[in-house]
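S.K.: The structure under discussion is supplied below as structure tokens; questions concerning it will follow.
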Amino acid sequence: MKNDFIWGTATSAHQIEGAWLEDGKGMNIWDAFSHTPGKIANEDHSETACDHYHLYETDIAHMKALGVNGYRFSIAWSRVIPDGKGKVNPQGIDFYNRLIDSLLAADITPFITLYHWDLPLTLQMENDGWLSEVTADAFARYARICFEAFGDRVQHWITFNENWCTAVIGNGQGNFAPGRISEDEPYIVAHNLLLAHGKAVQNFRRGDFAGQIGIANNCDWREPFTDSDEDRAAAQEALEFFFGWFTDPVIFGDYPAIMRERLGDRLPRFSPEQSEMLKGSSDFLGLNHYTTHYASREAVVPDQIKADVGNGGDQDDQQVYLHHDPEWPRTSMGWFVVPWGFRKLLNWIKARYGDIPIYVTENGCSVAADSKEEAVDDQFRADFIEGYTHALTQAVEEDGVTVKGYFCWTLMDNFEWTRGYNMRFGLMYCDFETLERTPKASFHRYAEIIRTQQASSTES
Ligand code: NOJ
Numbered sequence: 005m006k007n008d009f010i011w012g013t014a015t016s017a018h019q020i021e022g023a024w025l026e027d028g029k030g031m032n033i034w035d036a037f038s039h040t041p042g043k044i045a046n047e048d049h050s051e052t053a054c055d056h057y058h059l060y061e062t063d064i065a066h067m068k069a070l071g072v073n074g075y076r077f078s079i080a081w082s083r084v085i086p087d088g089k090g091k092v093n094p095q096g097i098d099f100y101n102r103l104i105d106s107l108l109a110a111d112i113t114p115f116i117t118l119y120h121w122d123l124p125l126t127l128q129m130e131n132d133g134w135l136s137e138v139t140a141d142a143f144a145r146y147a148r149i150c151f152e153a154f155g156d157r158v159q160h161w162i163t164f165n166e167n168w169c170t171a172v173i174g175n176g177q178g179n180f181a182p183g184r185i186s187e188d189e190p191y192i193v194a195h196n197l198l199l200a201h202g203k204a205v206q207n208f209r210r211g212d213f214a215g216q217i218g219i220a221n222n223c224d225w226r227e228p229f230t231d232s233d234e235d236r237a238a239a240q241e242a243l244e245f246f247f248g249w250f251t252d253p254v255i256f257g258d259y260p261a262i263m264r265e266r267l268g269d270r271l272p273r274f275s276p277e278q279s280e281m282l283k284g285s286s287d288f289l290g291l292n293h294y295t296t297h298y299a300s301r302e303a304v305v306p307d308q309i310k311a312d313v314g315n316g317g318d319q320d321d322q323q324v325y326l327h328h329d330p331e332w333p334r335t336s337m338g339w340f341v342v343p344w345g346f347r348k349l350l351n352w353i354k355a356r357y358g359d360i361p362i363y364v365t366e367n368g369c370s371v372a373a374d375s376k377e378e379a380v381d382d383q384f385r386a387d388f389i390e391g392y393t394h395a396l397t398q399a400v401e402e403d404g405v406t407v408k409g410y411f412c413w414t415l416m417d418n419f420e421w422t423r424g425y426n427m428r429f430g431l432m433y434c435d436f437e438t439l440e441r442t443p444k445a446s447f448h449r450y451a452e453i454i455r456t457q458q459a460s461s462t463e464s
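So for the sequence shown, the numbering used here puts the first residue at 5; every next one is plus one.
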């Protein structure tokens with residue numbers, strides 16, 4: 005890898021910060037959702053989480069020991085603007101200033117995500133959240149406020165994290181905040197999220213800010229179940245409905261043709277001006293990648309239900325069935341470990357979008373453990389990271405894909421949304437009673453991978 009390659013780790017505000025009502029922070033949709041009985045495993049919530057708000061210096065010291073040269077974190081919109089649209093909270097700005105300054109002092113490059121699912125609650129209550137373009141305008145203003153506050157020191161910006169999840173899981177299946185259930189609303193929500201991205205990028209580019217701005221979209225790999233034309237089309241279309249839905253507009257200015265063909269008027273349309281605004285609105289592509297499935301056009305087991313596996317919800321629209329190989333190892337989230345799928349996906353992105361730089365903004369796995377001793381001995385995760393970073397180096401060095409960074413999800417065990425604190429994704433064990441962090445075996449293995457890669461890095 006080149007010597008400016010970013011080896012990093014990633015987190016998000018709502019999953020680690022805690023301090024949910026401290027220093028003027030407003031409530032967000034996940035604060036409300038997780039205090040609604042029955043929504044989160046064990047009725048967990050994120051009032052304290054890892055208390056990173058108070059312990060960020062400890063966390064940066066751990067990152068320094070890990071050897072990363074990049075850290076991706078998100079800003080809590082309702083910490084900076086408590087109701088999402090009105091007055092700025094100076095204490096919120098102060099916190100992120102302290103965090104950024106401490107990262108820079110440790111030679112760690114900050115990558116900021118502006119939106120990692122924690123919409124200020126007021127915007128949900130007053131405007132139905134992302135169902136309204138009013139929310140997109142509020143986001144563009146919030147983004148500008150962040151560029152102005154932090155842009156003198158931060159040069160890597162990510163507008164949105166995994167809009168697919170906000171649209172499908174949050175506003176289609178109802179399993180994530182705000183908990184809406186609908187077949188049509190995911191497409192409207194997605195549309196407004198994309199407009200919000202475009203408007204924020206416009207603000208960035210019109211201002212005098214140095215650096216780059218992009219979006220982090222999630223995608224699993226879809227491998228044709230057989231070599232038939234039908235299965236190959238099913239896999240391709242599944243990728244277009246997944247990654248293409250949120251990436252085609254920011255590169256080409258419109259949705260994939262297959263989506264229009266299948267969805268007709270259920271898919272909103274961009275005006276010529278909006279399309280122009282969106283086209284080329286990502287300086288780089290962020291990719292969050294976790295797993296792989298086979299895809300087929302027809303069911304291969306009797307009575308198979310499309311939404312049973314993988315990315316349900318919009319699978320009927322995709323006309324695809326998903327399958328797996330029973331030999332594939334599984335994480336405790338039930339996700340399959342298939343490093344070659346990662347390499348193929350990176351190649352697919354290059355083939356579809358050209359040589360735009362890619363950052364792998366997330367990749368990692370959950371490992372179940374009944375005790376701290378078991379949790380820190382996470383050979384499974386260490387092997388996972390080794391397998392996936394190896395596939396990454398093959399994609400870069402052998403296939404010529406332009407990847408500029410890799411962020412392991414995640415620095416420490418944290419609030420895993422609907423799954424609460426049960427699903428541990430961290431390189432460090434977090435004791436949620438004492439808040440003590442303990443590096444796991446995977447922390448040491450990742451540190452070794454980084455050291456080896458940096459030692460053999462080439463000049464660009
Ligand atoms: C994607 C999300 O961005 C992150 O918040 C989540 O914790 C991980 N995947 C693991 O599910």
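No residue lacks a Cβ here, since even glycine has one placed at the ideal position from N, Cα and C.
(1) Is the distance from the Cβ of H120 to the Cβ of S78 below 8 Å?
(2) Looking at C-alpha atoms only, which residue of P361, L350, Y357, N367 is the closest neighbour of F340?
(3) Given a cut-off of 8 Å on the beta-carbon distance, is the pair T139 and N196 in contact?
(4) Looking at the strands, I want to know which residues DSSP matches up with P443.
(5) Specify whether the region 343 to 357 and the region 417 to 430 touch according to this definition: at least 3 beta carbon pairs, one from each stretch, less than 8 Å apart.
(6) Could you say if the region 281 to 293 and the region 221 to 228 meet the contact criterion of at least three C-beta pairs nearer than 8 Å?
(7) Measuring from the CB of F429, is there a heavy atom of ligand 1 at a distance below 7 Å?
(8) Going by other Cβ atoms of all chains shown within 10 Å of its Cβ, with 16 needed for buried, is P41 buried or exposed?
(9) Let me check you understand the geometry: is the CB of E166 closer than 7 Å to at least one non-hydrogen atom of ligand 1?
(10) Do you know how far the Cα of M337 is from the Cα of G316?
(11) Could you pull the DSSP bridge partners for I116 from this structure?
(12) Cβ-heavy atom distance between S510 and ligand 1 below 7 Å?
(13) Give the single residue among A379, I255, T335 whose Cα lies nearest to the Cα of S285.
(14) Among F115, I453, M5, Y191, which one has its Cα closest to the Cα of D321?
(15) Got a sec, what are the start and stop residues for the beta strand (DSSP E) C412 sits in?
(16) Helix, strand or coil for G316 per DSSP?
(17) Return yes when at least one heavy atom of ligand 1 lies under 7 Å from the C-beta of Q19, else no.
(18) Where do the ends of the beta strand (DSSP E) carrying S300 lie?
(19) Please classify G416: does DSSP put it in a helix, a strand, or coil?
(20) Below 8 Å between beta carbons: does that hold for A299 and D381?
(21) For R184, does the three-state DSSP call read helix, strand or coil?
(22) When burial is assigned at 16 or more other CB atoms within 10 Å of the CB, is S232 buried or exposed?
(23) Classify P330: buried if its beta carbon has 16 or more other beta carbons within 10 angstroms, exposed otherwise.
(24) Using the Cα positions of M67 and Q19, report the straight-line distance between them to the nearest angstrom.
(25) Any heavy atom of ligand 1 inside 7 Å of the beta-carbon of W352?
(26) Under a three-way DSSP split, which group does A142 fall into?
(27) Count the other C-beta atoms from every protein chain shown that fall within 10 angstroms of the C-beta of G358, then say buried if there are 16 or more, exposed otherwise.
(28) Taking only the alpha-carbon atoms, compute the straight-line gap between Y75 and K408 and give it to the nearest angstrom.
(29) Excluding sequence positions up to five away, which residues of its chain have a Cβ less than 8 Å from the Cβ of T230?
(30) Return yes when at least one heavy atom of ligand 1 lies under 7 Å from the C-beta of S16, else no.
(31) Does any residue of chain B bring its CB to less than 8 Å from the CB of P124?
(32) If distances are taken between C-alpha atoms only, which option among S38, F9, S375 comes closest to E47?
(33) Note down, in chain order, each residue of its chain lying with its Cβ closer than 6 Å to the Cβ of Q398, except the 5 sequence neighbours on either side.
M.R.: Taking the coordinates as given:
(1) H120 is a Cβ neighbour of S78, given a cutoff of 8 Å.
(2) From the listed residues P361, L350, Y357, N367, the smallest Cα separation to F340 is found for N367.
(3) Cβ atoms of T139 and N196: closer than 8 Å.
(4) Bridge partners of P443: M432.
(5) Three or more beta-carbon pairs separated by less than 8 Å are not found between the region 343 to 357 and the region 417 to 430, which leaves the two stretches without contact.
(6) Taking 8 Å as the limit for Cβ pairs, the verdict is that the region 221 to 228 does touch the region 281 to 293.
(7) True, at least one ligand heavy atom lies under 7 Å from that Cβ.
(8) So P41 counts as exposed.
(9) At least one heavy atom of ligand 1 is found less than 7 Å from the C-beta of E166.
(10) Low confidence applies here, because G316 scores a pLDDT of 49, under 50, leaving its location unreliable and the question unanswered by this model.
(11) In the DSSP assignment, I116 forms a beta bridge with F77, W161.
(12) Absent from the structure is residue 510, since the part of the chain shown begins at 5 and ends at 464.
(13) For the residues A379, I255, T335, the minimum Cα distance to S285 belongs to I255.
(14) With respect to the C-alpha of D321, the residue from F115, I453, M5, Y191 having the closest C-alpha is Y191.
(15) Taken as a continuous stretch (DSSP letters only), the beta strand (DSSP E) holding C412 covers 407 to 413.
(16) Reliability of the predicted coordinates at G316 is poor, the pLDDT of 49 falling under 50, and no value is obtained from them.
(17) For Q19, the distance from the CB to the nearest heavy atom of ligand 1 is below 7 Å.
(18) Where S300 is concerned, the enclosing beta strand (DSSP E) stretches over 296 to 300.
(19) Note that residue 416 corresponds to Met in the displayed sequence, not to Gly. Under the three-state reduction of DSSP output, M416 falls in the strand class.
(20) A299 places its beta carbon 8 Å or farther from that of D381.
(21) R184 falls in the coil class under three-state DSSP.
(22) With fewer than 16 other Cβ atoms from the protein chains shown falling within 10 Å of its own Cβ, S232 counts as exposed.
(23) The residue is exposed, with fewer than 16 neighbouring Cβ atoms inside 10 Å.
(24) In a straight line, the C-alpha of M67 is about 17 Å away from that of Q19.
(25) Residue side-chain check: W352 keeps its Cβ at 7 Å or more from all non-hydrogen atoms of ligand 1.
(26) DSSP places A142 in helix when its eight states are reduced to three.
(27) Around the beta carbon of G358, fewer than 16 other beta carbons lie within 10 angstroms, which makes this residue exposed.
(28) Taking the Cα positions, Y75 is about 14 Å away from K408.
(29) Taking T230 as the centre and dropping the five residues before and after it, the same chain places the C-beta of S300 closer than 8 Å to its C-beta, in chain order.
(30) Correct: S16 has its Cβ closer than 7 Å to ligand 1.
(31) You won't find chain B in this structure, because it holds only one protein chain.
(32) Looking only at S38, F9, S375, the smallest Cα-Cα distance to E47 is reached by S38.
(33) The residues are R347.
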